[in-house]
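For reference, the structure is listed below as structure tokens.
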Amino acid sequence: MYTIRIGELDETVPDIPTLVKRLQIGEIKESTAVYDHDANVWRTAGEIVKPPRLDAAPADATPPRAIPVPAAQTMATVAPPSVKEEPTIPGQTIAALILSITGTFTCMLLNIAGIVLGYQSRRLIRENPDRYTGGGLATAAIVIGWIAPILVIVVGIVLAISIPALIKYAEKSAATPPPTVGYQAKLAEELYFQNREPATYTDSLAALLTWDQSLTDDPAVTFLFGPCNQSGYTFTTKTGDAGLETVFTSRDPVDEDSPGQR
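Throughout, the working numbering is defined as the position within the sequence shown, counted from one, plus 272.
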């Protein structure tokens, strides 16, 4: 019985004729490794199918001589062809990527674990490139893992800057009346002047100097009147030696109950 090794597969054949047939149809080559179960050694298919044979002695009258029997030779053991293993992705690389993604949306502690595993797996891949692959996944786990901590730091800085400014603005707003108050007062004043009838003064001096018997005359006070018309009038009072005081009264009222400014 023989075992043929083709690539990574082993296939058993019962006898040499089967090996010969496989060689003839091209399924195996003479260099294909074959394990001889009877001899318990690995040999090539060509060595098994075509063993060394002794040449026959020439035919002549000389009686045949004794043929020396060669000493038993140990067949060289043929090592099976080595199969190169494909690099695999370390399990901690996958774990680092899962922890980083999950921690970004749940808990930042998972991000920290993902970052640590990411650095460890990337170092393992660099030190054993023939056995492991997936350096890009390890780098992705590290980058994703840093997203949440960086966001927390940025948000903290923004809050530390903006909160005092917001408090100061709130205090200033509370101390300053809203602009609508002044706007409402201005609007009320405009409506008042639009709806009122303009006040005028009489141009009659007698009407301005209505005699009131309840008043007592002060001989030390003298009134000197200036122009007098509907726009207003001017008079100057002289009180003793105190000097002169000029007063102008216009028709623009101070308020509803006042006929003009004095």
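By construction, the Cβ of each residue, glycine as well, lies at the ideal position given by its N, Cα and C atoms.
For residue i, count neighbouring C-beta atoms within 10 Å of its own C-beta (all shown protein chains included) and say buried if the count is 16 or more, exposed if not.
{"i": "N467", "result": "exposed"}
{"i": "N383", "result": "buried"}
{"i": "A442", "result": "exposed"}
{"i": "G406", "result": "buried"}
{"i": "G390", "result": "buried"}
{"i": "R294", "result": "buried"}
{"i": "G417", "result": "buried"}
{"i": "Y455", "result": "exposed"}
{"i": "Y464", "result": "exposed"}
Just to confirm before moving on: does the CB-CB distance between residue i and residue j stay below 8 Å?
{"i": "I276", "j": "V306", "result": "yes"}
{"i": "E302", "j": "A317", "result": "yes"}
{"i": "I387", "j": "I414", "result": "yes"}
{"i": "M380", "j": "A432", "result": "no"}
{"i": "T376", "j": "R394", "result": "no"}
{"i": "T284", "j": "M273", "result": "yes"}
{"i": "L371", "j": "A385", "result": "yes"}
With a threshold of 8 Å on Cβ separation, who are the neighbours of residue i within its own chain once the five nearest residues in sequence on each side are excluded?
{"i": "E461", "result": "none"}
{"i": "G398", "result": "Looking at the sequence shown, residue 398 is not Gly but Arg. Within the same chain, R398 has close Cβ partners G407."}
{"i": "D308", "result": "Y274, W314, R315, I320"}
Just curious, the beta strand (DSSP E) that residue i is in, first and last residue?
{"i": "I278", "result": "274-278"}
{"i": "A311", "result": "First-last for A311: undefined, no H or E at that position."}
{"i": "E319", "result": "From DSSP, E319 is part of no beta strand (DSSP E) but of the alpha helix (DSSP H) over 317-321."}
{"i": "T284", "result": "281-285"}
Starting from residue i and walking both ways along the alpha helix (DSSP H), at which residues does that stretch end?
{"i": "Y391", "result": "380-399"}
{"i": "A443", "result": "It should be noted that the sequence gives Glu, not Ala, for residue 443. Element bounds for E443: 407-447."}
{"i": "T360", "result": "Where T360 is concerned, there is no enclosing alpha helix (DSSP H), given that its DSSP letter is neither H nor E."}
{"i": "T290", "result": "288-296"}
Going along the chain, which residues of its own chain have a beta-carbon closer than 6 Å to the beta-carbon of residue i, five neighbours each way excluded?
{"i": "L409", "result": "T365, L369"}
{"i": "A446", "result": "none"}
How close, in whole Å, do the beta carbons of residue i and residue j come, if the pair is a contact with beta carbons under 8 Å?
{"i": "I278", "j": "T304", "result": "7 Å"}
Residues in its own chain within less than 7 Å of residue i by CB, not counting five upstream and five downstream?
{"i": "D535", "result": "A query on residue 535 cannot be resolved here, the shown segment of the chain reaching from 273 to 534 and no further."}
{"i": "A264", "result": "Only positions 273 to 534 of the chain appear in this structure, which leaves residue 264 out of reach."}
{"i": "P286", "result": "M273"}
{"i": "Q392", "result": "Q364"}
{"i": "D332", "result": "Here D332 scores only 48 on pLDDT, less than 50, and its place in the model should not be relied on; the value that follows carries that caveat. Counting only Cβ-Cβ distances below 7 Å, and skipping sequence neighbours, we find nothing."}
At a cut-off of 7 Å, is residue i close to the ligand ZN when judged by its beta-carbon and the heavy atoms of the ligand?
{"i": "N400", "result": "Questions concerning the ligand ZN fall outside what the structure shown contains, since it holds no ligand whatsoever."}
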